[in-house]
Amino acid sequence: MAENHPKTTTEKPNGPDSPGWYAVYTRYKCEKQVARDLVKKGITTWVPLRQKVRRYGARRRVSEIPLIHCYVFVRMQPDQKNRVLQTANVQSFLLNGRDLIRIPEEEIDWLRRIVGEKSQVETRREDLCEGMEVEVAEGPLAGIRGKLLHREGKSRFLVELKTIGYQLQMAIDTGILNNVNPEPKAV
Numbered sequence: 006m007a008e009n010h011p012k013t014t015t016e017k018p019n020g021p022d023s024p025g026w027y028a029v030y031t032r033y034k035c036e037k038q039v040a041r042d043l044v045k046k047g048i049t050t051w052v053p054l055r056q057k058v059r060r061y062g063a064r065r066r067v068s069e070i071p072l073i074h075c076y077v078f079v080r081m082q083p084d085q086k087n088r089v090l091q092t093a094n095v096q097s098f099l100l101n102g103r104d105l106i107r108i109p110e111e112e113i114d115w116l117r118r119i120v121g122e123k124s125q126v127e128t129r130r131e132d133l134c135e136g137m138e139v140e141v142a143e144g145p146l147a148g149i150r151g152k153l154l155h156r157e158g159k160s161r162f163l164v165e166l167k168t169i170g171y172q173l174q175m176a177i178d179t180g181i182l183n184n185v186n187p188e189p190k191a192v
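Here my numbering is used: the sequence shown runs in plain steps of one and ends on residue 192.
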């Protein structure tokens, strides 16, 4: 079964043939099945999941849904590409022309930390403005940079995963955010 957190490795990429993380595009709502099928083939997979509460009348059901729809992350060597593509419900890899795009470990770590974050505290801080680049100063998301958004009076934090062209937005306590580019104060 797909693991919710990728295995931590100390391995450094040595070259284009060393194992790395790649994004696999799947059919809609097939992420978990693709991950299970790839694990059966001996390929390490990760589907970042989040919990969603659905209400059916008076009943509540908590389910885990993918954070990024239609993507499964695989840790493999580039020569395993065809084994992955031969898996049911796999559409393609994330490519740059004909070349596989390797997802940096930093972006996988960001996703891992975001998936592990449960806090939804929403406060407002006046010295931070909409569109300002900020960095999380403490907690499990410390070090993650993104843009601060305001929607309907609530503070939102946006993280962009540049390699896959995806943005994640979450409510976060602005009290733990620092301005990345503070303007010098007049003396």
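Glycine residues also receive a C-beta, built at the ideal position from the N, C-alpha and C atoms.
Values in this document were obtained by computation on a predicted structure and should not be read as measured data.
Discussion item. Below 8 Å on the Cβ atoms is my contact criterion, and I expect Gly-151 with Glu-165 to pass it. Report the Cβ-Cβ distance as a whole number of Å.
Written reply: The C-beta distance from Gly-151 to Glu-165 rounds to 7 Å, short enough to fall under 8 Å.
Discussion item. So within the stretch 68 to 126, which uninterrupted alpha helix (DSSP H) runs reach at least 4 residues, ignoring any that extend past its ends?
Written reply: For secondary structure counted as the alpha helix (DSSP H) over 4 or more consecutive residues, the stretch 68 to 126 holds these complete runs in sequence order: 86 to 90, 110 to 121.
Worksheet item: Are the beta-carbon atoms belonging to Leu-43 and Arg-55 less than 7 Å from one another?
Response: No; because the gap between Cβ atoms is not below 7 Å, this pair is not in contact.
Worksheet item: What is the DSSP secondary structure of Glu-140, counted as helix, strand or coil?
Response: In the structure shown, Glu-140 sits in a strand (DSSP, three-state: E or B).
Item to complete: Report yes if the C-beta distance between Lys-46 and Arg-88 is below 7 Å; otherwise report no.
Response: Arg-88 sits close to Lys-46, with the two beta carbons spaced by under 7 Å.
Item to complete: Give the range of the beta strand (DSSP E) segment to which Gly-176 is assigned.
Response: Position check: residue 176 holds Ala in this sequence, whereas Gly was assumed. Segment 171 to 176, the beta strand (DSSP E) holding Ala-176.
Practice prompt. Express the C-alpha separation of Lys-57 and Pro-83 in angstroms, rounding to a whole number.
Written response: Near 34 Å, if we compare the C-alpha coordinates of Lys-57 and Pro-83.
Practice prompt. Can you tell me which of the three DSSP states Ala-40 falls into?
Written response: The answer is helix: DSSP assigns Ala-40 an H, G or I state.
Discussion item. Whole angstroms are fine: how far does the CA of Leu-146 sit from the CA of Glu-112?
Written reply: Roughly 12 Å between the two C-alpha positions.
Worksheet entry | Distance between Phe-78 and Pro-53 (C-alpha atoms, nearest Å) | A straight-line Cα-Cα distance of about 9 Å links Pro-53 and Phe-78.
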